[in-house]
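A short write-up of the structure that comes next.
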Amino acid sequence: MVDLAQKRDVAVSMRFRDDDLGIIDRGATLRGLSRTEFMRRAALHDAQIAILNEAVVRLAPEAYLQFVAAIDAPVAAIPAKMLERLSRKAPWGEASKG
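In the numbering used here, the protein residues as written are 3 to 100.
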C-alpha cells in the first residue's frame, strides 16, 4: 500500500512580472495546458537538459594519463586541404548573377 504522506505534492510559490505571465499563459493555451502544468513541464525539461549536459567521465589511471598527454600535446598542423576549403567564399555569400 502506498503511504499517502509520500504522494503529497509540494507547492512552489514564484513571482512573475505581468508581461512574463502573459507569455507563459499564451504558451500554455497553445499547448492546451494549465499554467501550472505548462510551467511544471518547462521546469522539468530545463532541469533534465542541465543534468544531461553534466558529463562525468571515469577513466582508469593509465587512460587518464593518456588523456592528459593528448590535451597537453602540441597542436597538429592543419591539413592544406582543410585550409583551402576554409578560405573559400560561401556560395550564398556571392552576389547572384542574373
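Glycine included, each C-beta is placed from N, C-alpha and C at the ideal position. All figures in this text were calculated on a predicted structure; none of them were measured in a lab.
- Collapsing the DSSP output to three states places Pro81 in coil.
- Arg42: member of the alpha helix (DSSP H) spanning 37-55, first to last residue.
- By the C-beta criterion, the segment 39-46 is judged to be in contact with the segment 11-30, since at least 3 inter-stretch pairs fall below 8 Å.
- Here the C-alpha atom of Asp21 lies approximately 18 Å from the C-alpha atom of Ser15.
- DSSP places Ala75 outside both helix and strand once states are collapsed to three, so it counts as coil.
- DSSP places Asp20 within a helical segment (H, G or I) once states are collapsed to three.
- DSSP, read as helix, strand or coil, puts Lys9 in helix.
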